[in-house]
Amino acid sequence: MTSLLLVLSLLLILSYGAFTWHYLANWKGSARWPRNPRLEHSLLGLLLLVQAFVVVVPLSASGGLSLGVGHALSVMVWIMLLIYWTCSFFYKVEGLQLFMMPLAMAALAFAIAFPGRHMVSDLSNPAFVLHILVSMLAYSLFAIGALIAVLMLILERALHHRRVSMLARQLPPLLTLEKMMFQVIAVGFLLLTLTLLTGVLFSEEVFGQAAALTHKTVFGVISWLIFAGLLLGRRLKGWRGKVAIRWALAGFLSLMLAYVGSKVVLELILQRG
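According to my numbering, the sequence shown is numbered sequentially starting from 4.
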């Protein structure tokens, strides 16, 4: 990482930390500066532009595509933030900030410490490029769905025990969160389906052989089955509440084992590019 990218990454970490402090202080009622959603939205948009530069430059390093674990995670978290920023135009997404801002800080710090060594030099195959773009978007959507599921769990427990916490007071109604979660998961499921299909096509066209039954493939298919079961259960049996939350989190965990788990093992433990 160049000195410019390092400085920008550190500035972004400090900025997201300031955002986190600002939100928490306002929720506690001890903030010096009151909430200004329009200004906050504009500042976050500016940070996303800076972060786009930070995550794109390392990706295209050395004439190829750097898909190391740190770079890949920073790109996915940036996509998550971009989706969150866009959705805030149309939905009340209060509460997600408490997760999104620290997550952005952690991803940027992780990319500095563990950028990874996975380089892809052949970008001439459109199926491969499509596979990468769609898979990152799908993983980011499912991550947001998992965060919403966690918020639903927090709100449900608060309502059940009749103790409304600071975070629970900021959240949208439970039914609104549930609707958002299923909308995000439905779109993510379509993209995950396309990811698996393009993965098979990419394997046959680039390597000249069918997709191998690897750890990544197995957990990818398991996560697809879990999300398919969740969406069918919702449509046919009206699944909601804790049942839907458990299925959503289980599907996301399987997906992370498929992608992040394999990258962490290969690059950080086994030291393979």
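Backbone N, C-alpha and C fix where the C-beta goes; we use that ideal spot for every residue, glycine too.
Which residue comes first and which comes last in the alpha helix (DSSP H) that contains residue i?
i, result
"S91", "It is not in any alpha helix (DSSP H) - S91 carries neither H nor E in the DSSP assignment."
"Y26", "6-31"
"K240", "218-240"
"G244", "244-259"
"F102", "100-116"
Given a cut-off of 8 Å, decide if residue j and residue i are closer than it, judged by their beta-carbon atoms.
i, j, result
"G148", "A251", "yes"
"W30", "Q186", "no"
"F192", "L234", "yes"
"A141", "T198", "yes"
"L51", "L84", "yes"
"L144", "L106", "no"
"L15", "L162", "no"
"V53", "L8", "no"
Nearest by alpha-carbon distance to residue i: which of the options is it?
i, options, result
"M108", "L258, V221, L11", "L11"
"V55", "A75, E43, R38", "It should be pointed out that residue 55 corresponds to Ala in this sequence rather than to Val. For the residues A75, E43, R38, the minimum Cα distance to A55 belongs to A75."
"T217", "V190, A261, A247, A231", "A261"
"A247", "V132, G73, E159", "E159"
"L134", "V224, R249, T196", "With the sequence shown as reference, residue 134 is identified as His, and Leu is not the correct amino acid for it. For H134, the nearest C-alpha among the options comes from T196."
"R116", "S138, G73, I86", "As written in the sequence, residue 116 is Ala, which differs from the Arg given in the question. Ranking the options by Cα distance to A116, first place goes to G73."
"I1", "P175, H163, H164, L228", "Any property of residue 1 remains undetermined from this structure, which presents the chain solely from 4 to 276."
Exercise for the section: Would you check if there are 3 or more beta carbon pairs closer than 8 Å linking the segment 232-247 to the segment 193-203? Expected result: No, they do not touch.
Practice task
Please confirm if the segment 79-87 is in contact with the segment 31-39, defined as three or more CB-CB distances below 8 Å between the two stretches.
Solution key: The segment 79-87 vs the segment 31-39: no contact.
Exercise for the section: Determine, using beta-carbon pairs with one atom in the segment 143-160 and one in the segment 42-61, whether at least three such pairs fall under 8 Å. Expected result: In short, these stretches do not touch, since the Cβ pair count stays below three.
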